[in-house]
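Before any comments, here is the structure.
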Amino acid sequence: MATTVSAKLARTHPLSQKLQKILSQNLDSTETRTALESLDAFYEGESDQLDRKDLKAHLDAREMDSYRRFLGAFDSVLGTLSGIEADLDAVNTTYAEMEGTLRTAKEDSAALLAQTRELKSLRAKAIEKKDITNKFLTRFTPSEKELAILTNPSTGISDEFFAAFANLTKINDECNAFLMNDNQKAGNDIIESIAIAQEKAYNKLVSWIQINQMPQNMRRETPELSPVLRKAMAALKSRPTLFQTCLDEICQIRQEIIVQSFMDALTRGGPNGMPRPIELHAHDPVRYVGDMLAWLHQASVGERELVEGLLFGDAMLSESLSADDVFSTLNLGVQRHQQPDSMYEILGRCTDRTCRPLKARVDEVLASHPGATLAYKLANTIQFYNQTISRVIGPATALCETLKDCHSKALKVFFDALETQGIRIGAFVQKPGRDLAPPPIVKEAIMQLRELMASHESSMLVQPNSSEKSVEDSFDPILSASLDPLLAMCIKGATSLPRFENAVYICNCLHYIQSPLSLYEFASARCDAILTQIETQLGVLIGELYSVVLQQSGLAPLIEAVDENLGKMPLAHVPLLDPRTISTTMSSMDVYLCTAGFDAQTRLSGLLSSNHQERALEGAFAAFMAAYQRFHAAVMDPANKFEFPASILRPVEEIRTLLVV
């Protein structure tokens, strides 16, 4: 019990508590170390150990000393603040005096300030009105410089003119849109003045085109279509009457220039004689007509470019045409019905005076009876250029109608020549020669047909959309007119020949005719028909050759006897079919079969086609082998009561080997 009380007193005693507090402190903390270092500096040296015992008294003394020094320093500050306070009082007195003076001045100048504010307000309103007036005049009236550019006849046409003209048009449109509702008088006055300026500008444009462009530029063979001229024509579109007047004059000039240039190309040639005059080639009808049409096509393309520039120059300046599509101008977004005259009509008028000299010369060529081949080449040449030129200037123009007429005449001359040729072929039948080859007239006609088919195939290149049937149908009349008389003549000429030679001759003629037809797709139907006729003639040849082989082999009477008596009686009882006769026939047939192939080839040597020779030989020998197989089967049949039939017959395979089938 006593121990417990002692322990409790030890915990509550002040000294014990202080010791516990000291012992519980962390001497390694930053705060503790800093405090100890400060105390170490406060007492320096070992002689101060006694003084350290009175630490609290020393700290209090130092604190009182610091207070005394602070109060001493504050006394000087207080003196300074007293001086500042005196200065502030003087400033306040001066400010009060100035405030009174300003109040008096403000009261005296109040009226002047009010008048100044009123004048400033009036000035701002005047400036605003001036700005509005200037903006109105700038927007709704052209400048003096622009009016001078638009109306002064002495100034030329340039980009400045078109810029001023565009501004004038814009002002006119805006006046109609904005001013006519709010201020009728101002709008009417401005529109009237603009209309006068516009009329003068249009007249200046027309005069410039008539004076500066038509006498010089438009009379060239290849006019230069400058951007200024394109813009001028585009500006005139809003005055259809003036625009059409200029177009009419240009068309008239171009008519004269084109026909004169065409005549010069025909008779005089180019500069310094190169290229040479077209009429120097009048002896060559195809080149003569082709050169004329080529010149007209080139001229048509040039006129197309010129008219495009005149009608659609504004669009062409902002759009680029592809090099391979010179016919795409109408797709530039310009509606044709908005034009004073259609482009094709203008192109037709520019080129229509070339129709008469062209037609006269083509008629002269056709009147010289150029022959079927030349007439057909002329027809194809004219058709080609008609289709080409019609894409440039339109199919309904006078030039294209003239070309259509010339094409029809050329075809008529061509078919007339074919008809005359057919009559001549039918009237003078050439008899076959000893070699049974086609006569010269057939070779000449087929050579001509080759040229016609080659020309027709080349003409198909300008008709890429034509179907095969239409191309074939278009050439069928030519094939009929060329081949029907020829085939009739061949058949008629072969009537006096024996059947075998007749078939060889007709087969040769048909083969000679069919060979060139097989090269062209559009002649396939007629080629197939001739092949059918060839097959018929080959059938005749096979039948005739089979009969010859059967007869010369000695088997013919035996086969005939079998066919007559088979099924009626045993064949061994037929007189011609006794074993001795059959054995003798087999022996002679063996001798013949050794040379049968050579003999047959000699008979077929008249055929021009080796394929036909092979087919006829194979067909005849195949028929012979079929007959021998039938005979062999009949003899070997026990019902026909032959004794030891194998001893009197050769096997079928041996006979086949002998024939080399």
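Positions 265 to 925 (this note's numbering) are the ones given, in order, by the sequence shown. Virtual Cβ for every residue (Gly too), placed ideally from N, Cα, C.
Give the C-beta separation of proline 247 and tyrosine 776 to the nearest angstrom, bearing in mind that I take them to be a contact with Cβ-Cβ under 8 Å.
Limits of the chain in this structure are 265 at one end and 925 at the other, which puts residue 247 out of reach.
Which parts of the segment 695 to 776 are runs of the alpha helix (DSSP H), unbroken and 4 residues or longer, counting only runs that do not cross its ends?
As far as the segment 695 to 776 is concerned, its whole alpha helix (DSSP H) runs of at least 4 residues are 704 to 723 and 732 to 757.
Determine, for phenylalanine 576, whether the minimum Cβ-Cβ distance to residues of chain B falls below 8 Å.
Among the chains of the structure shown, chain B does not appear; only one protein chain is present.
Along the alpha helix (DSSP H) that carries serine 788, what are the first and last residues, could you check?
Element bounds for serine 788: 788 to 816.
Which term fits isoleucine 521, buried or exposed, when burial requires 16 or more other beta carbons within 10 angstroms of its beta carbon?
Its Cβ being crowded by 16 or more others within 10 Å, isoleucine 521 is buried.
Using a threshold of 8 Å, state whether the C-beta atoms of valine 804 and cysteine 754 are closer than that.
Cβ distance not < 8 Å, so valine 804 and cysteine 754 don't count as in contact.
Is it the case that the Cβ atoms of phenylalanine 648 and serine 723 are separated by a distance below 8 Å?
Taking 8 Å as the Cβ cut-off, phenylalanine 648 and serine 723 qualify as a contacting pair.
Roughly how many angstroms lie between the CA atoms of aspartate 669 and proline 541, to the nearest whole one?
If I take the Cα positions, the gap works out to 25 Å.
Judging by CA-CA distance, which residue of Ile475, Asp854, Glu907 and Thr531 is the nearest neighbour of valine 916?
Closest option to valine 916, Cα to Cα, is Asp854.
Measure from the alpha carbon of isoleucine 818 to the alpha carbon of each residue in Gly697, Leu857, Gln797 and Pro839, then state which is nearest.
In the sequence as presented, isoleucine is not what sits at residue 818; that position holds glycine. Nearest of Gly697, Leu857, Gln797 and Pro839 to glycine 818, Cα basis: Leu857.
What are the boundary residues of the alpha helix (DSSP H) that includes aspartate 261?
Any answer about residue 261 is impossible in this case: the structure gives the chain only from 265 up to 925.
If you reduce the DSSP assignment to three classes, tell me which class methionine 833 lands in.
Coil.
Asparagine 431 lies in the alpha helix (DSSP H); which residues open and close that run?
Element bounds for asparagine 431: 423 to 438.
Please state whether DSSP places glutamine 379 in a helix, a strand or coil.
Glutamine 379: helix per DSSP, three-state reduction.
Between which residues of its own chain and valine 693 is the CB-CB distance below 7 Å, once the five residues before and five after are set aside?
Result list for valine 693: Met753, Lys756 and Gly757, in chain order.
Near alanine 636, what residues of its chain come up, given a Cβ to Cβ distance below 7 Å and the 5 sequence neighbours on each side ignored?
Cβ within range, chain order: Phe678, Ala681, Leu682, Gln685 and Gln712.
Would the segment 782 to 800 and the segment 820 to 837 be scored as touching if the rule is three or more Cβ pairs under 8 Å?
Cβ pair count under 8 Å is below three, so no.
I'd like the span of the alpha helix (DSSP H) that includes asparagine 644, first residue to last.
636 to 657 is the span of the alpha helix (DSSP H), which, as asked, contains asparagine 644.
Hey, would you say leucine 809 sits closer than 8 Å to alanine 718, going by beta carbons?
Not in contact: leucine 809 and alanine 718 (Cβ atoms no closer than 8 Å).
According to DSSP, is phenylalanine 526 helix, strand or coil?
It is helical.
Taking the alpha helix (DSSP H) that methionine 926 falls in, what are its first and last residues?
A query on residue 926 cannot be resolved here, the shown segment of the chain reaching from 265 to 925 and no further.
Checking 8 Å against the spacing of the C-beta atoms, do isoleucine 455 and cysteine 439 come in under that value?
Closer than 8 Å, so yes.
State the Cα-Cα distance for the pair alanine 890 and leucine 751, rounded to the nearest angstrom.
Going from the Cα of alanine 890 to the Cα of leucine 751 covers about 35 Å.
Under the three-state reduction of DSSP, which class applies to leucine 581: helix, strand or coil?
Low confidence applies here, because leucine 581 scores a pLDDT of 48, under 50, leaving its location unreliable and the question unanswered by this model.
Rounded to the nearest angstrom, what separates threonine 296 and leucine 345 at their Cα positions?
Cα to Cα, threonine 296 sits roughly 43 Å from leucine 345.
Given a threshold of 16 other Cβ atoms within 10 Å of its Cβ, counted over all protein chains shown, does proline 406 qualify as buried or as exposed?
That one is buried.
Enumerate in chain order the residues of its own chain whose CB-to-CB distance from leucine 570 is below 7 Å, with the five nearest sequence positions on each side excluded.
So the qualifying residues of the chain are Pro487 and Leu489.
Tell me which same chain residues have a C-beta within less than 7 Å of the C-beta of leucine 932, skipping the five on either side of it?
Here the chain has residues from 265 to 925 only, and residue 932 is not among them.
Please name the residue, chosen from Arg914, Ser502, Asp548 and Ala864, that lies closest to valine 629 on a Cα-to-Cα basis.
Answer by Cα proximity: Asp548.
Quick check: what's the CA-CA separation for proline 604 versus leucine 511?
Because proline 604 carries a pLDDT of 39, less than 50, the predicted location of this residue cannot be relied on, and no value is offered for it.
In three-state DSSP terms, what is asparagine 356?
Correct three-state label for asparagine 356: helix.
Am I right that threonine 615 and isoleucine 646 are in contact with their C-beta atoms under 8 Å? What's the rounded C-beta distance?
About 16 Å separates the two Cβ atoms, so there is no contact after all.
Please report the straight-line C-alpha distance between aspartate 329 and leucine 323, rounded to a whole angstrom.
For aspartate 329 and leucine 323, the distance between alpha carbons rounds to 10 Å.
Quick check on this structure: which residue in Tyr892, Gln877, Glu567 and Leu366 has the alpha carbon closest to the alpha carbon of cysteine 771?
Closest by alpha carbon: Gln877.
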